[in-house]
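Using mature numbering (1 follows the signal peptide of the UniProt record, and there is no 0), the letters of the sequence shown map in sequence onto residues -23 to -1, 1 to 415.
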Amino acid sequence: MLTFGPSVVSSLFVLATASLAKADADHFILTRLSSIAFARLDPIVSPGKVSGHVHNILGGSCFSQNLNTPEEQQACDCSSAIIGDDRSNYWSPALYYQDKNGTFSPILSGNRIYYFTKSEDVKPFPPGLRMISGLAGTRNASDTHSFGVKISCNHGLQTQYLPNGTSHPEGCGAISLGIYFPSCGLANGTLDSEDHFSHMAWPLSHQGGGLPPYEDVNGALCPESHPIKYPTIFMEANYYPSSEQPWHSGNPVILSTGDQSGLGYHADFVNGWNQQVLTDTIAQCGLGKGPGDQLTECAPLAKSRNETATWYCRYQNQIPNEDVGYFRPLDNLPGCNKVWPTDGPDVKPACEEENPPAFVYPDVEFVNLLDREHIPMAFTLAQNISNVRYEFVPSLGETGASYFLPWGIDATNKASLKSSTVEELLAAANATEDESCE
């Protein structure tokens, strides 16, 4: 089996993106986005509730199970995006490693967000606009919702499918889960729709020869039905299996929904940009002037570019009181998410969670230095939180680069954070168990 070390994978990634960086100056890239949370939260689909599956959540620190107003979004303490004026949230189903013994563990990731401005008529997103790209409960490669899904192994050929031991017997040192969002909106500026997709549409591109334009996930034109052109967002989560997660001949990777195919990949977006900054960025750094990943070359973005602030920004709210796999592998995926095999039905088998966990404040954070992770956790095993770094060793991540800390101990927004005690976490867990016995 061929394996790839982090330096080799990084080199492959640089080569894969070099051609994009040298292409038309029509985009900017938010690099090194940290995950602000890794939890069953989805304020669009499951407002006020524990969501169906674990999400990798990026952006504004005030994300929660409840959808923020535009004013609340702007009032976030900080953002895990490298541009502090972007307090948007972006989230997608997490990728887990599925061991041959049947257990599951999270795979660590690095994240990038591309903003394309391929037209001189691009408008800023209105405050509060939200949308979902992709499908969660059904699998249909030709469905318009799924057009934006772009998955690859080692930054190679992009498809709609997760790699596995049959398609990629040599293994994958990096699995990139990418997705485009539709970028054409209704003339009245509608912020949402019942399915969180229909108020948006895919852009178009000309194909010449007198033929009509065709749907192009990164096109420059808009259909008459949705005439307002917004920036095209391409969200990319690059997952790097650790040395404790060896490739094997089965299905080594699986979405947190239980989907082994990848066709159920999707992502959500809520706009939280400083409206003036996004407007100025499009005007000054739009088509023909896009800085790529050199954000200091774009004055509106340079003002709030701060990698240190990103590193010390922490999630502000509650999370479900459950283990998502950072301490040790899980016997089951969080929630009611049985393995949904690639050769299974096109519609995900129904499964209703009877007693979801309570919402609690974190008490511990998982830290990984290589992938810049600071994940809030509800960790009931740590009786002495102050000693958690030395008493417990995470089951994943490179040795010495991963560890636990008391929640928010080094956060720049520490003053606004709340923590649960172990006693409070145990009481919440016991209350949930009591409900299940009634």
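For glycine and all other residues, C-beta sits at the position ideal for the given N, C-alpha and C. Please read all numbers here as calculations on a predicted model, not as lab measurements.
Within the stretch 7 to 73, ranges of the beta strand (DSSP E) (whole runs, at least 3 residues)
Fully enclosed beta strand (DSSP E) runs of 3 or longer: 12 to 16, 32 to 36, 66 to 70.
At which residue ranges does the stretch 94 to 153 contain complete beta strand (DSSP E) runs of 3 or more residues, listed in the order of the chain?
Counting only runs of 3 or more, we get 107 to 111, 126 to 130.
Can you tell me which residues form a DSSP beta bridge with Thr80?
Taking the first residue of the sequence shown as position 1, residue 80 is located at position 103. The partner list for Thr80 (beta bridge, DSSP) is empty, contrary to what the question assumes.
What do you reckon, are the CB atoms on Ser38 and Tyr216 nearer than 8 angstroms?
Position 61 of the sequence shown holds residue 38. Position 239 of the sequence shown holds residue 216. Result no, Cβ atoms of Ser38 and Tyr216 do not sit closer than 8 angstroms.
Spatial neighbours of Gly196 within its chain, please: C-beta separation below 6 angstroms, excluding the five flanking residues on both sides.
Within the sequence shown, the letter at position 219 stands for residue 196. Cβ-Cβ distances below 6 angstroms link Gly196 to Pro180, Leu181, Ser182 in the same chain, with the five nearest sequence neighbours on each side left out; the list follows chain order.
Can you give me the C-alpha to C-alpha distance between Thr409 and Phe5, rounded to a whole angstrom?
As a first step, residue 409 must be located in the sequence shown, where it is residue number 432. As a first step, residue 5 must be located in the sequence shown, where it is residue number 28. C-alpha separation (whole angstroms): 46 angstroms.
With distance defined between alpha-carbon atoms, name the residue in Ala359, Glu400, Arg349, Leu358 nearest to Ser379.
As a first step, residue 379 must be located in the sequence shown, where it is residue number 402. Ser379 has its Cα closest to that of Arg349, out of Ala359, Glu400, Arg349, Leu358.
By a C-beta neighbour count over all protein chains shown, 10 Å radius and 16 as the cutoff for buried, is residue 423 buried or exposed?
The first residue shown for the chain is -23 and the last is 415, placing residue 423 beyond what the model contains.
Would Ser393 and Tyr338 qualify as a contact pair, given that the criterion is a beta-carbon distance under 8 angstroms?
The residue you call residue 393 lines up with position 416 of the sequence shown. The residue you call residue 338 lines up with position 361 of the sequence shown. No, these two residues do not count as a Cβ contact at 8 angstroms.
Mapping the DSSP letters down to three states, classify Leu85 as helix, strand or coil.
Numbered from its first residue, the sequence shown carries residue 85 at position 108. Three-state result, Leu85: coil.
Any idea if Leu188 is buried or exposed, counting beta-carbon neighbours within 10 angstroms, 16 or more meaning buried?
On the sequence shown, position 211 is the one that residue 188 refers to. By the 10 Å Cβ count, Leu188 comes out exposed.
Just mark Leu134 as buried or exposed, buried being the case when its beta carbon has 16 or more other beta carbons within 10 Å.
Translated into positions along the sequence shown, residue 134 becomes position 157. By the 16-neighbour rule on beta-carbons within 10 angstroms, Leu134 is exposed.
Coarse secondary structure for Lys325, derived from DSSP in three states:
Locating residue 325 in the sequence shown gives position 348, counting from the first residue. The answer is coil: DSSP assigns Lys325 none of H, G, I, E or B.
List the residues that DSSP assigns as beta-bridge partners of Phe343.
As a first step, residue 343 must be located in the sequence shown, where it is residue number 366. Looking at the DSSP output, Phe343 shares a beta bridge with Ile352, Phe381.
Taking the alpha helix (DSSP H) that Val254 belongs to, which residues open and close that run?
Position 277 of the sequence shown holds residue 254. Taken as a continuous stretch (DSSP letters only), the alpha helix (DSSP H) holding Val254 covers 252 to 262.
When DSSP builds the beta bridges, which residues end up paired with Leu243?
In the sequence shown, the residue the question calls residue 243 occupies position 266. First, the amino acid is wrong: residue 243 is His here, not Leu. Bridge partners of His243: Gly111.
Three-way DSSP call (helix, strand, coil) for Pro318 in this model:
The sequence position of residue 318 within the sequence shown is 341, counting from 1. Looking at Pro318 - three-state DSSP - the assignment turns out to be coil, as it is neither helix nor strand.
Determine whether the beta carbon atoms of Pro101 and Pro47 lie at a separation below 8 angstroms.
The count along the sequence shown starts at 1 and reaches residue 101 at position 124. The count along the sequence shown starts at 1 and reaches residue 47 at position 70. The Cβ atoms of Pro101 and Pro47 do not sit closer than 8 angstroms to each other.
Are the beta-carbon atoms belonging to Arg107 and Phe246 less than 8 angstroms from one another?
On the sequence shown, position 130 is the one that residue 107 refers to. On the sequence shown, position 269 is the one that residue 246 refers to. In this structure, Arg107 sits near Phe246, with a CB-CB distance shorter than 8 angstroms.
On the premise that Gly111 lies in contact with Tyr242, defined as a C-beta separation below 8 angstroms, what is that separation, rounded to the nearest angstrom?
By one-based count along the sequence shown, residue 242 stands at place 265. By one-based count along the sequence shown, residue 111 stands at place 134. Contact between Tyr242 and Gly111 is confirmed by a C-beta separation of about 5 angstroms, below the 8 angstroms threshold.
Helix, strand or coil for Thr209? Go by DSSP, reduced to three states.
In the sequence shown, counting from the first residue as 1, residue 209 sits at position 232. Residue state, collapsed to three classes: strand.
Give me, in chain order, the residues of the same chain whose beta-carbon lies closer than 6 angstroms to that of Lys127; leave out the 5 immediate sequence neighbours on both sides.
Residue 127 sits at position 150 when you count from the first residue of the sequence shown. Result list for Lys127: Gln135, Gly155, in chain order.
From which residue to which residue does the alpha helix (DSSP H) around Tyr365 run?
Indexing the sequence shown from 1 puts residue 365 at position 388. Reading off the sequence shown, one finds Val at residue 365, where the question assumed Tyr. Per DSSP, Val365 belongs to the alpha helix (DSSP H) from 365 to 368.
With distances taken between CB atoms, is the gap from Phe81 to Ile352 smaller than 8 angstroms?
Here residue 81 refers to the residue found at position 104 when the sequence shown is read from its first residue. Here residue 352 refers to the residue found at position 375 when the sequence shown is read from its first residue. The Cβ atoms of Phe81 and Ile352 lie no closer than 8 angstroms to each other.
Determine the DSSP secondary structure at Leu168, reduced to helix, strand or coil.
Position 191 of the sequence shown holds residue 168. Residue state, collapsed to three classes: coil.
Which of the three DSSP states is assigned to Pro277 in this structure?
The residue labelled residue 277 in the question sits at position 300 within the sequence shown. Residue state, collapsed to three classes: helix.
Outcome for residue 419 when other beta-carbon atoms lying within 10 angstroms are tallied against a minimum of 16:
Residue 419 is absent from the model: the chain starts at -23 and stops at 415.
C-beta atoms of Ala359 and Phe369 nearer than 8 angstroms:
Taking the sequence shown and counting its residues from 1, one reaches residue 359 at position 382. Taking the sequence shown and counting its residues from 1, one reaches residue 369 at position 392. Closer than 8 angstroms, so yes.
Helix, strand or coil at Asn407 [DSSP, three-state]:
Locating residue 407 in the sequence shown gives position 430, counting from the first residue. Under the three-state reduction of DSSP, Asn407 is assigned to helix.
In this structure, what does DSSP give as the bridge partners for Arg282?
Taking the first residue of the sequence shown as position 1, residue 282 is located at position 305. For Arg282, which the question treats as bridged, DSSP gives the partners Ile60.
Should Leu7 go down as buried or exposed, given a rule of 16 or more other Cβ atoms within 10 Å for buried?
Within the sequence shown, numbered from 1, the residue matching residue 7 stands at position 30. It is buried - the Cβ of Leu7 has at least 16 other Cβ atoms within 10 Å.
Grab the span of the beta strand (DSSP E) containing Ile231 for me, first residue to last.
Taking the sequence shown and counting its residues from 1, one reaches residue 231 at position 254. For Ile231, the enclosing beta strand (DSSP E) covers residues 230 to 232.
Quick one: Cα of Gln50 to Cα of Leu163, how far?
What you label residue 50 is simply residue 73 of the sequence shown in a count that begins at 1. What you label residue 163 is simply residue 186 of the sequence shown in a count that begins at 1. Taking the straight line from one Cα to the other gives about 23 angstroms.
Counting beta carbon pairs with one atom in the stretch 84 to 101 and one in the stretch 312 to 332, are three or more of them shorter than 8 angstroms?
Proximity of the stretch 312 to 332 to the stretch 84 to 101 falls short of the contact definition, fewer than three beta-carbon pairs being nearer than 8 angstroms.
Could you tell me the alpha carbon to alpha carbon distance between Thr357 and His30, rounded to whole angstroms?
The count along the sequence shown starts at 1 and reaches residue 357 at position 380. The count along the sequence shown starts at 1 and reaches residue 30 at position 53. Distance between the alpha carbons of Thr357 and His30 is about 21 angstroms.
Keeping to the same chain, check which residues put their C-beta closer than 8 angstroms to that of His173; ignore five residues upstream and five downstream.
Start at 1 with the first residue of the sequence shown, and residue 173 comes out as number 196. Cβ neighbours of His173 beyond the five flanking positions: Ile21, Val22, Arg107, Met108, Ile109, Asp245.
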